[in-house]
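One structure is given below, encoded as structure tokens.
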Amino acid sequence: MDEKTLLEVKDLSIYFNLREGVLKAIDGISFNVDKNSTVGIVGESGSGKSVTAQAIMRILPETAEIKTGEINYYKDPANPIKIHELPDKSPILGNIRGKEISMIFQEPMSAFSPLHTIGHQMIECLRLHTPMTKQEARERAIEMLAKVGISNPEKRVDQYSFELSGGMRQRAMIAIALSTNPSIVIADEPTTSLDVTIQAQILKLMKDMQAEFNMSIIFITHNLGVIAQMADMIQVMYLGKIMESGTAEEIFYEPRHPYTINLLKAIPKIGSNANGKLEAIPGQIPGPFDVQKGCKFCTRCPSAIKGLCDLRTPELKKYSETHSVSCWKCLEQEK
Amino acid sequence: MKKQDENAKLKYYTASQWQLIWWRFRKHRLSIVGMTILGIFIIFALFPEFFAPYSATDRNGESILCPPSKIVFKNAEGGFSLAPQVYGFKRERNRETLKMEYVVDESNIQPLKFFVKGEKYKLFGFLPGSIHLYGVDNGFVHLWGTDTMARDIFSRTIFATRSSLSIGILGLMIAFIIGLLIGGVSGYFGGWVDNFFQRLTEFIRSIPTYPLWMGVAAAMPREWGPKTVYFMMTIILGFIGWTTLARRIRSQIISIREADFIVAAKLCGASDMRIIFKHMIPTFISYVIVDLTISFPNMILSETSLSFLGLGLRPPVTSWGVLLRSAQNLNSIVNSPWMFIPAIFVILAVLSFSFVGDGLRDAADPYSEKS
Amino acid sequence: MIKYILTKLATMLVTIFFVSIVVFIIIELPPGDFADNMAAERASAGETMTQDDVFNIRERYGLNQSVYERYFKWIWGIVSRGDFGTSFRYNRPVMMVIGERITFTTCLALLTILFTYLIAIPIGIYSAMRQYTLGDYAFTFVGYLGLSIPSFLLALLLLYFSTKYTNTTIGGLFSPEFQNAPWSLARFVDMLKHIWVAAVVLAVAGTAKIIRTLRATLLDEKSKLYVTAAKARGVSGKALLLKYPVRVAMNPIASTLGWELSAVISGSPIVAVVLSIPDMGPLYLTSLLSQDMYLAGTLLIFMSLMTIIGTFLSDILLAIMDPRIRLGIKI
Numbered sequence: 013m014d015e016k017t018l019l020e021v022k023d024l025s026i027y028f029n030l031r032e033g034v035l036k037a038i039d040g041i042s043f044n045v046d047k048n049s050t051v052g053i054v055g056e057s058g059s060g061k062s063v064t065a066q067a068i069m070r071i072l073p074e075t076a077e078i079k080t081g082e083i084n085y086y087k088d089p090a091n092p093i094k095i096h097e098l099p100d101k102s103p104i105l106g107n108i109r110g111k112e113i114s115m116i117f118q119e120p121m122s123a124f125s126p127l128h129t130i131g132h133q134m135i136e137c138l139r140l141h142t143p144m145t146k147q148e149a150r151e152r153a154i155e156m157l158a159k160v161g162i163s164n165p166e167k168r169v170d171q172y173s174f175e176l177s178g179g180m181r182q183r184a185m186i187a188i189a190l191s192t193n194p195s196i197v198i199a200d201e202p203t204t205s206l207d208v209t210i211q212a213q214i215l216k217l218m219k220d221m222q223a224e225f226n227m228s229i230i231f232i233t234h235n236l237g238v239i240a241q242m243a244d245m246i247q248v249m250y251l252g253k254i255m256e257s258g259t260a261e262e263i264f265y266e267p268r269h270p271y272t273i274n275l276l277k278a279i280p281k282i283g284s285n286a287n288g289k290l291e292a293i294p295g296q297i298p299g300p301f302d303v304q305k306g307c308k309f310c311t312r313c314p315s316a317i318k319g320l321c322d323l324r325t326p327e328l329k330k331y332s333e334t335h336s337v338s339c340w341k342c343l344e345q346e347k
Numbered sequence: 303m304k305k306q307d308e309n310a311k312l313k314y315y316t317a318s319q320w321q322l323i324w325w326r327f328r329k330h331r332l333s334i335v336g337m338t339i340l341g342i343f344i345i346f347a348l349f350p351e352f353f354a355p356y357s358a359t360d361r362n363g364e365s366i367l368c369p370p371s372k373i374v375f376k377n378a379e380g381g382f383s384l385a386p387q388v389y390g391f392k393r394e395r396n397r398e399t400l401k402m403e404y405v406v407d408e409s410n411i412q413p414l415k416f417f418v419k420g421e422k423y424k425l426f427g428f429l430p431g432s433i434h435l436y437g438v439d440n441g442f443v444h445l446w447g448t449d450t451m452a453r454d455i456f457s458r459t460i461f462a463t464r465s466s467l468s469i470g471i472l473g474l475m476i477a478f479i480i481g482l483l484i485g486g487v488s489g490y491f492g493g494w495v496d497n498f499f500q501r502l503t504e505f506i507r508s509i510p511t512y513p514l515w516m517g518v519a520a521a522m523p524r525e526w527g528p529k530t531v532y533f534m535m536t537i538i539l540g541f542i543g544w545t546t547l548a549r550r551i552r553s554q555i556i557s558i559r560e561a562d563f564i565v566a567a568k569l570c571g572a573s574d575m576r577i578i579f580k581h582m583i584p585t586f587i588s589y590v591i592v593d594l595t596i597s598f599p600n601m602i603l604s605e606t607s608l609s610f611l612g613l614g615l616r617p618p619v620t621s622w623g624v625l626l627r628s629a630q631n632l633n634s635i636v637n638s639p640w641m642f643i644p645a646i647f648v649i650l651a652v653l654s655f656s657f658v659g660d661g662l663r664d665a666a667d668p669y670s671e672k673s
Numbered sequence: 023m024i025k026y027i028l029t030k031l032a033t034m035l036v037t038i039f040f041v042s043i044v045v046f047i048i049i050e051l052p053p054g055d056f057a058d059n060m061a062a063e064r065a066s067a068g069e070t071m072t073q074d075d076v077f078n079i080r081e082r083y084g085l086n087q088s089v090y091e092r093y094f095k096w097i098w099g100i101v102s103r104g105d106f107g108t109s110f111r112y113n114r115p116v117m118m119v120i121g122e123r124i125t126f127t128t129c130l131a132l133l134t135i136l137f138t139y140l141i142a143i144p145i146g147i148y149s150a151m152r153q154y155t156l157g158d159y160a161f162t163f164v165g166y167l168g169l170s171i172p173s174f175l176l177a178l179l180l181l182y183f184s185t186k187y188t189n190t191t192i193g194g195l196f197s198p199e200f201q202n203a204p205w206s207l208a209r210f211v212d213m214l215k216h217i218w219v220a221a222v223v224l225a226v227a228g229t230a231k232i233i234r235t236l237r238a239t240l241l242d243e244k245s246k247l248y249v250t251a252a253k254a255r256g257v258s259g260k261a262l263l264l265k266y267p268v269r270v271a272m273n274p275i276a277s278t279l280g281w282e283l284s285a286v287i288s289g290s291p292i293v294a295v296v297l298s299i300p301d302m303g304p305l306y307l308t309s310l311l312s313q314d315m316y317l318a319g320t321l322l323i324f325m326s327l328m329t330i331i332g333t334f335l336s337d338i339l340l341a342i343m344d345p346r347i348r349l350g351i352k353i
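Protein chains in written order, with our numbering: chain A, 13 to 347; chain B, 303 to 673; chain C, 23 to 353.
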């Protein structure tokens, strides 16, 4: 790590203890979030992207536990905060949540309380993390709502989430997340539940806000097209492991892992191959309890090497300062 | 190992809905206990003549309000023996209070025998028999004492199980039919029909249930025979219970009315009746069965309460409520608390049905397996 | 909001009208009329009534008019003069027979509701927050038991134990010295001292039911996204639970207030009979058994009125608590 690093996730494993057995949702992942940059995490559902976000916020479900690894927050590099070690009731953790790191959820409808006004929830958050009075907090809330492009904010602040449209709701969600001026915003599929035109507006809004507030974003999505517009660094996840990581250019122009390559093939493109079919990745994601040795992708990988990929886990190999891949085939090709 | 796993999986994925429900139900220990108790009750209700040493109306001479017999496990020399023996009672006047009291008669001890020949009876009205589960050779044995008319409370409770359970089941059937009709029509057709029945249900709910049906029950003429009263009571119980069932059926139908498979059936030209019976009912019948089970305790409690007040079943019909009616005044319960014993049956029956109902509800819910 | 209240108010009036019809049907239901009954009673006592006597009684109580005439006469009497008819048995206006019994029943119902919610809400929250602990299991078990014991049986058991072990009876409503005294604070306190037993007995089933509902809703709400979102904003501990899931779970509880009241009023006669509380319950039972139908009908009307007003109040309470209902949005 270096001085640009704001958040470090190191060798993090998260297991869910369920009746049916232990589910390894995340299995030893590491990545850094630099100051004022955007990290994208891509993967199919069940790849552990959201669990990663929940772990950073320490809002994992009761059945989950951080098995190994560290989450270090370097706001003050001389005095890093070990988020993974904080007890549940610690005031430092209370300060991390909402003040230092805030979160934008996928479904703004269910992420707002149905019985409290938008303003109420914003003011609560502001009063919790700043010494503002109720009146000041209210003014700040209105100001933030205006900033994220909600018209008539004086009226909206007293409305309930179900009175707003989907796009407006997500804007309000962003307003609430940014109101405390956090250093990191985690956006967990923020545009998935929105129309495509609204999606673009929200993405633009987030970029504008990032420029204005000088914050880092962890952007979680299954949509490679969205991430191309947003992220500086990209982590490609599959079944709780990072398959490939690199800058956006590296991932999109020099993908090395067969999974990344296949994902990119599955994006519809205008012009090229217009009358051909999209190439889907063959096979199904294995069930969460199907224990398998070796590379997690080998059951669906077109270039899996029998006797190697299905037996031993490949190491993460660096190809440049920023680009690393975990794949036997790539290693073999080197030789 | 692997092979076994796969077989188990295959079995799981090909199991029918009912099999799945049963597998999940089995995991609830309390529900299994409840089911066992209910099974015993049903056996009692089917063969009360066998389990009860006497009939529900037999009188033991003058032995009114006789306390439960004392059972000892002793042999003739006073040592322990597995064969139970019972003491008889004799009546003596208490020297201080001058009241007649029952005193255990140490000299009158006789073995409690099983599968004894006793009073003749006809099972289901035509199968003759005379074997009873237990009895004594001379005189009477009253494990739970006698009532104010010297009748054996144990025998009466066993016979009452039959009327109480059967009236509950019949009442439930009537409630179910009304609920299915009103809830079904209301949910399926929607619009003003739905509106009308909704208002009707709401309206009926706004009149306090027991007082309303107490009023109806009180209108039954005194001169009606026990059979007519029994029949009327099933109808009254049915009317007490139908609203919850109708609501449930309505909401189930509404939730699937617009489902794709129903629309598909409609497009194929299936008739309303065919859609309702072939497509809709099978999808929610399991929920309805759960609701029926959960409603049953209400039936038993309603019957017991009404009979207890003297507005329900009337003697000579014996039901749990009728039995408890005689334990109504303070004097009788303080002096002869064994009159309360039939209450245990009521509580057990209701508890068991609640357990079974809860187990079924969890088992029938397709989402119950999510972690 | 005003529109909502007005709609509910209109529904309430229509309901009351229909209730009056049903009550009148019940009044008319018993075969034979009061005159026949009286004749039969006299006959069994060894006296005889002539045909003329029977006719005179019919004439006097208007029993020989048509059903419609009698209904409208009855309703008109109620609306114009508050005259609910005459109790045949006591030979006095029904309202005089009922007297302060309405107050007793109202007190009993309110006290029961108060007990129910005071006990059920904390236990429900506790059970949901400490799911699968010993306390949770214990409350669940007691809850099952509470739902399975018929209320009259519980009342009888309490009577039995109080008589057997404390040598006092818990029945009745007043100590002898207050029996016929005019209302005073001391008399009211004396009433509370007696009535609480009945209120507890009546509260048991409802409490058990509400604990179950509250526990289930809370467990459901606790894992919803808006709670996680609030947690992610830094809200924690008790504030998080009380402000969000508990607050939301209160809504179904508030909406059942009307039904709860209805259940209490429905169950109160039988408990009042057992515990000899001189409220509307025992009077209702005796009036039914002696077919004193105007008295019975009036009592049934009052019991229904209490339920209807209770439902109306709980509807308004729910609208205050839940903006979705207030704003007329379908959930």
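Just so it is clear, CB atoms sit at the ideal spot from N, CA and C, and this is done for glycine as well.
Helix, strand or coil for residue i? Go by DSSP, reduced to three states.
i: S673 (chain B); result: Reliability fails at S673 (chain B), whose pLDDT of 30 lies under 50, so the model's placement of it is uncertain and no value is given.
i: Y356 (chain B); result: coil
i: N107 (chain A); result: helix
i: L435 (chain B); result: strand
i: T448 (chain B); result: strand
i: M255 (chain A); result: strand
Apart from the five residues on each side of it in sequence, which residues of its chain come closer than 8 Å, Cβ to Cβ, to residue i?
i: N48 (chain A); result: Q222, N226, M227, S228
i: R328 (chain B); result: I334
i: S191 (chain A); result: M134, C137, L138, R152, A153, M156
i: K672 (chain B); result: With a pLDDT of 36 at K672 (chain B), under the threshold of 50, the modelled position of that residue is not reliable, and the figure given next carries that caveat. Taken in chain order, the list of residues that qualify is empty.
i: K372 (chain B); result: V388, Y389, V406
With 16 as the cutoff for other CB atoms within 10 Å, does residue i come out buried or exposed?
i: C570 (chain B); result: exposed
i: I353 (chain C); result: For I353 (chain C), the pLDDT reaches just 49, beneath the cut-off of 50, and the residue's location in the model is therefore unreliable, although a value from the coordinates is still provided. Label assigned to I353 (chain C): exposed.
i: V590 (chain B); result: buried
i: F117 (chain A); result: buried
i: T203 (chain A); result: buried
i: S245 (chain C); result: exposed
i: Q133 (chain A); result: buried
i: E351 (chain B); result: buried
i: N164 (chain A); result: exposed
i: N637 (chain B); result: exposed
i: M641 (chain B); result: buried
Taking the continuous alpha helix (DSSP H) assigned at residue i, which residues delimit it?
i: I342 (chain C); result: 315–343
i: V89 (chain C); result: 89–103
i: N235 (chain A); result: From DSSP, N235 (chain A) is part of no alpha helix (DSSP H); its letter is neither H nor E.
For the beta strand (DSSP E) containing residue i, name the first residue and the last one.
i: A316 (chain A); result: Counting along the chain, A316 (chain A) falls outside any beta strand (DSSP E), and DSSP gives it neither H nor E.
i: Q247 (chain A); result: 245–250
i: F110 (chain C); result: Here F110 (chain C) belongs to no beta strand (DSSP E), and DSSP marks it neither H nor E.
Could you pull out every residue in the same chain whose Cβ sits closer than 6 Å to the Cβ of residue i, ignoring the five residues on either side in sequence?
i: A37 (chain A); result: I26, F28, G60, V63, G252
i: M575 (chain B); result: none
Quick one: residues in its chain with C-beta nearer than 7 Å to the C-beta of residue i, no 5 flanking neighbours on either side, listed in chain order?
i: A572 (chain B); result: none
i: A221 (chain C); result: L130, L133, T134, F137
Report back the beta-carbon spacing between residue i and residue j to the nearest angstrom; my notes put them in contact at under 8 Å.
i: L195 (chain C); j: I217 (chain C); result: 6 Å
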